[in-house]
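> Just dropping this structure here.
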């Protein structure tokens, strides 16, 4: 069968993009042809994938999205496929992978009636309604238990169209037998002293992930602790505002920002605490990646996967509403633990990685996509 996938932008280091690629790859491994529609593609294009790039036409993001939708529909009409899988909300999808949270919910929380009169709101609401509305036939692959009741509250989405997926953690995130050696090499490479602690943040969209929150809390740690702590941030975003903030707080020499990297497992093994005080986060794959690597996590409860931190007993989850003082306090408590506690966290991470199924997302998603495709073809 021929399976089509649609997403606005592909780059190798985005969470949604990595999920898309692994699902498409799994479908290909089962003998199906793969076509992808996108505005832009960064990185290598595998030979098993037919890429159809759609030019960005229109002055606004809404106009560009509408043009994308129309072009995909037109191309499929001339070059039929058995199923269309979307990784961004849009009309005409047979299957939608729900990587993003509920737009209508965020609008309700943040804006008033005037905002709803604008063209931006009307566009994104209509695209979300095309997927989740009661009139839609789109099958929806859900990755967050927290989001399911939210979508149903706003759109009354039929439960039979919502299919929960397990997390899709890549097994290369699990701490290997030579984890201590990798950690030592990593810390030598970045000149990390034996008594220094590394705070790590991973994820594109620095404001959404709460990098500014982490920096402010880090700056207020006791001086002796703060001076022995460095913050590494990995992600594709413009770092100018964060760099200004860090410079203003006098922490520039202890702060490093990296563009997207393909060696994140080394950072997970070499660091001492993952920070993820996100403002909103559908899942937070990096939280679970950290746990299976043996790295404790400090995150906000808005993250769909935050409960895994508590399940593994490896860090702390900040309750809503967010408090910077609580972030600072928990950061200090976790950083001041003795070496025996870090050894215990690593052992808990090993147990968690072996006892909890957090790896099966691509396989389960591929099975559902193929099931829908077979139904469309029959």
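Residue numbers (this note's numbering): 33 to 410.
Every residue, glycine too, gets a C-beta built ideally from N, C-alpha and C.
For clarity, every value in this text was computed on a predicted model and none was experimentally measured.
1) Ordered along the chain, which non-local residues of its own chain (more than five positions away) have a Cβ less than 6 Å from that of residue 159?
2) Residue 157 to residue 83, Cα distance in whole Å?
3) I'd like the span of the beta strand (DSSP E) that includes residue 69, first residue to last.
4) Threshold first: 3 residues or longer. Then list the beta strand (DSSP E) segments lying entirely within the stretch 291-367, N to C.
5) Looking only at C-alpha atoms, which of 118, 96, 71 and 374 sits nearest to residue 302?
6) Can you give the beta carbon distance from residue 309 to residue 238, rounded, assuming they're within the 8 Å contact cut?
7) Thinking residue 392 and residue 344 are a contact (beta carbons under 8 Å), I'd like their distance in whole angstroms, please.
8) Return helix, strand or coil for residue 73, following the three-state DSSP convention.
9) At which residue ranges does the stretch 160-206 contain complete alpha helix (DSSP H) runs of 4 or more residues, listed in the order of the chain?
10) Just confirm the distance between the C-beta atoms of residue 207 and residue 326, as a whole number of angstroms; I'd bet it's less than 8 Å.
11) If you check the beta carbons only, do residue 199 and residue 317 fall under 8 Å apart?
12) Using the three-state DSSP reduction, which class does residue 284 fall into: helix, strand or coil?
13) In the structure shown, what three-state DSSP assignment does residue 40 receive?
14) DSSP state of residue 249, grouped into three classes?
15) For the beta strand (DSSP E) that residue 118 lies in, which residues bound it at each end?
16) Could you tell me which residues DSSP puts in a beta bridge with residue 82?
17) Can you give me the C-alpha to C-alpha distance between residue 397 and residue 331, rounded to a whole angstrom?
18) Check the C-beta distance from residue 43 over to residue 66 and give it rounded, since I have them as a contact under 8 Å.
19) Can you list, in chain order, the residues of its chain with a C-beta nearer than 8 Å to that of residue 312? Leave out the 5 residues immediately preceding and following it.
On the basis of the coordinates in this document:
1) Sequence index remark: in the chain shown, residue 159 carries index 127 (1-based). Only 121 and 122 meet the Cβ criterion.
2) As a first step, residue 157 must be located in the chain shown, where it is residue number 125. As a first step, residue 83 must be located in the chain shown, where it is residue number 51. Their Cα atoms are separated by approximately 28 Å.
3) Here residue 69 refers to the residue found at position 37 of the chain shown. Element bounds for residue 69: 65-70.
4) 305-308, 329-332 and 347-350
5) As a first step, residue 302 must be located in the chain shown, where it is residue number 270. Comparing Cα-Cα distances from residue 302 to each of 118, 96, 71 and 374, the minimum goes to 374.
6) Position 277 of the chain shown, counted from the first residue, corresponds to residue 309. Position 206 of the chain shown, counted from the first residue, corresponds to residue 238. So it is not a contact: roughly 12 Å between Cβ atoms.
7) To locate residue 392, count along the chain shown from 1; it is residue 360. To locate residue 344, count along the chain shown from 1; it is residue 312. In fact, because the Cβ distance is near 18 Å, the residues do not count as touching under 8 Å.
8) Here the question's residue 73 lines up with position 41 in the chain shown. Strand.
9) 179-187
10) As a first step, residue 207 is located in the chain shown; it is residue number 175 there, counting from the start. As a first step, residue 326 is located in the chain shown; it is residue number 294 there, counting from the start. Right, their Cβ atoms sit about 5 Å apart.
11) Locating residue 199 in the chain shown gives position 167, where the first residue counts as 1. Locating residue 317 in the chain shown gives position 285, where the first residue counts as 1. Contact flag set, yes.
12) Here residue 284 is taken as the residue at index 252 of the chain shown, counted from 1. Three-state DSSP puts residue 284 in a helix.
13) By one-based count along the chain shown, residue 40 stands at place 8. In the structure shown, residue 40 sits in coil (DSSP, three-state: anything other than H, G, I, E or B).
14) Taking the first residue of the chain shown as 1, we reach residue 249 at position 217. Residue 249: helix per DSSP, three-state reduction.
15) The residue labelled residue 118 in the question sits at position 86 within the chain shown. Here the beta strand (DSSP E) through residue 118 covers 115-118.
16) By one-based count along the chain shown, residue 82 stands at place 50. Beta-bridge pairing links residue 82 to 67.
17) Sequence index remark: in the chain shown, residue 397 carries index 365 (1-based). Sequence index remark: in the chain shown, residue 331 carries index 299 (1-based). One C-alpha to the other measures close to 27 Å.
18) The residue given as residue 43 occupies position 11 in the chain shown. The residue given as residue 66 occupies position 34 in the chain shown. Going by Cβ atoms, the distance from residue 43 to residue 66 rounds to 18 Å, so no, they are not a contact pair.
19) Here residue 312 corresponds to residue number 280 of the chain shown, with the count starting at 1. Around residue 312: 133, 138, 240 and 334.
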